[in-house]
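What follows is a short report on a single structure.
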Amino acid sequence: MTFADQYTPKPITDIFTADTDIDRRQCKRTVPMRVMCLGLGRTGTASLRDALRDLGFNDTYHMMAVSVENPPDALLWRDALAYKYDGVGHFGREQWDQLLGHCQSLCDWPAIAFAKELIEAYPEAKIILTTRDVDSWHASCLKTVDWRANDPELKMVAKWDWGSGLYQPMLYKFWTSFFKGDFKKYGKQVYHEHYEEVRKLVPPERLLEYRMGQGWEPLCEFLEVPVPDKKFPHTNDTDGFVDRCRARNRAQMCNVAFRMLVVGGGAAATVLAASMTLHRYFGHRLFGSS
């Protein structure tokens, strides 16, 4: 059985989050894959996603697509991760089209872990590599995604909540596999290895190395589209990342409490709410979260 076969529908009591519930196994490619942005996350990929959408590359896949938009995607990502890192099952062009068939472009993790596989699956796509000073990148990741992948509160919520129960195991598997089990130790090494691999795989005429701050011109020239008359997007700063994640956790806790109130009665919901409150109060001190 694949992870995708473990799909369960979104509970009707999940009213505090706006997640969609699309089972991608039923999907196929509806638009061509035109460009793949294979630079690591925290190199401006959220801003690039918004920019590509502004240029008409709809949709553009990003980690937010699975973390806060359509959590069932995580099951197919787990199948892809199992195939790549554990040699379990199969994941090829058919499965990529199921997962990404609605997208003309992609960026960010977990997609970048499959650079070689995606380049082989979509040889016609142009490739963008977003770059950043490696020390600055590493520091940003430690404060954000590395923290989130190991967030004890998220792990606790995932035991009860539908959306985080799908997303959290995928995030943890991706993060520990891609960064060899220790981001702090191996992150910079993996950064350099990843960029070297992509540069070797892609002919120069199909590759654009891009750094945030360069604006629209090099991007639009490479993609052969007009330069829009608007400011280049600036999205997803490090500041506020933890607060946004905490807000997501709280909304998912509310989903669970409401489901227990509806299904199990007020006593069950009260017990759950109390346990979550205690975890937030004491867990932050035990685990150093904020």
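With UniProt numbering applied, the sequence shown corresponds to residues 1 to 290, in that order.
For every residue, glycine included, the Cβ atom is placed at its ideal position computed from N, Cα and C.
All figures in this text were calculated on a predicted structure; none of them were measured in a lab.
For residue i, the three-state DSSP class (helix, strand or coil)
i: Leu278; result: Low local confidence applies: a pLDDT of 44 at Leu278 is under 50, so the model's placement there is unreliable, with the coordinate-based value given in what follows. Leu278: helix per DSSP, three-state reduction.
i: Tyr7; result: coil
i: Arg259; result: helix
i: Leu55; result: coil
i: Tyr122; result: coil
i: Thr60; result: strand
i: Ser289; result: The predicted model places Ser289 with a pLDDT of 36, which falls under 50 and marks its position as unreliable; any figure quoted below should be read in that light. Three-state result, Ser289: coil.
i: His90; result: coil
i: Gly283; result: Only weak support exists for where Gly283 lies, its pLDDT of 45 falling under 50; the value from the coordinates is given anyway. If DSSP states are grouped into helix, strand and coil, Gly283 belongs with the helices.
i: Gly187; result: helix
i: Ile112; result: helix
i: Lys180; result: coil
i: Asp97; result: helix
i: Thr45; result: helix
i: Met253; result: helix
i: Ala18; result: coil
i: Asp239; result: coil
i: Asp79; result: helix
i: Arg29; result: coil
i: Asp50; result: helix
i: Asp73; result: helix
Per DSSP, cross-strand counterpart(s) of residue i
i: Cys37; result: Ile128
i: Leu106; result: Met36 and Tyr61
Cβ-Cβ separation, residue j to residue i (assumed contact under 8 Å), whole Å
i: Asp108; j: Cys245; result: With 8 Å as the limit, Asp108 and Cys245 do not qualify as a contact, their Cβ atoms being about 16 Å apart.
i: Tyr210; j: Leu40; result: Tyr210 to Leu40, Cβ: 13 Å. No contact.
i: Arg42; j: Cys141; result: 5 Å
i: Leu38; j: Ser105; result: Incorrect: roughly 11 Å between the Cβ atoms, too far for contact.
i: Asp135; j: Pro72; result: So it is not a contact: roughly 37 Å between Cβ atoms.
i: Ala113; j: Phe183; result: Between Phe183 and Ala113 the Cβ distance is about 13 Å, and since that is not below 8 Å, they are no contact.
i: Arg248; j: Val68; result: 7 Å
i: Thr17; j: Ala257; result: With a Cβ gap of about 13 Å, Thr17 and Ala257 do not count as contacting.
i: Leu76; j: Leu48; result: No, Leu76 and Leu48 are not in contact; Cβ-Cβ is about 23 Å, not under 8 Å.
i: Gly213; j: Thr130; result: Gly213 to Thr130, Cβ: 11 Å. No contact.
i: Lys143; j: Thr238; result: 6 Å
i: Gly89; j: Asp79; result: 6 Å
i: Pro110; j: Met156; result: The pair is not a contact, with the Cβ atoms about 22 Å apart (cut-off 8 Å).
i: Leu207; j: Ala115; result: Incorrect: roughly 12 Å between the Cβ atoms, too far for contact.
i: His138; j: Gly187; result: 5 Å
i: Gly240; j: Asp19; result: Not really, about 21 Å apart at Cβ, beyond 8 Å.
i: Arg259; j: Pro11; result: 6 Å
i: Trp91; j: Tyr85; result: The residue you asked about is not Trp; residue 91 is Phe in the sequence shown. That pair is no contact at about 11 Å.
i: Ala46; j: Asn236; result: 3 Å
Residue-chain proximity (residue i, chain D), Cβ-Cβ < 8 Å
i: Pro204; result: No chain D appears in this structure, which consists of one protein chain only.
For the stretch 127 to 178, which segments carrying the alpha helix (DSSP H) assignment without a break, of at least 4 residues, lie completely within its bounds, in sequence order? Listed in chain order, they are 134 to 143, 145 to 149, 152 to 158 and 162 to 178.
Taking the runs of the beta strand (DSSP E) that are 3 residues or longer, which of them lie wholly in the stretch 202 to 235? 207 to 211
Would you be able to state if there are at least three C-beta pairs under 8 Å between the stretch 4 to 16 and the stretch 46 to 60? no
Below 8 Å, how does it come out for the stretch 25 to 35 and the stretch 124 to 131: are there three or more Cβ pairs, yes or no? yes
State whether the stretch 189 to 207 contacts the stretch 17 to 27, with contact taken as three or more CB pairs (one from each stretch) at a distance under 8 Å. no
Within 8 Å, do at least three Cβ pairs link the stretch 155 to 173 to the stretch 217 to 228? no
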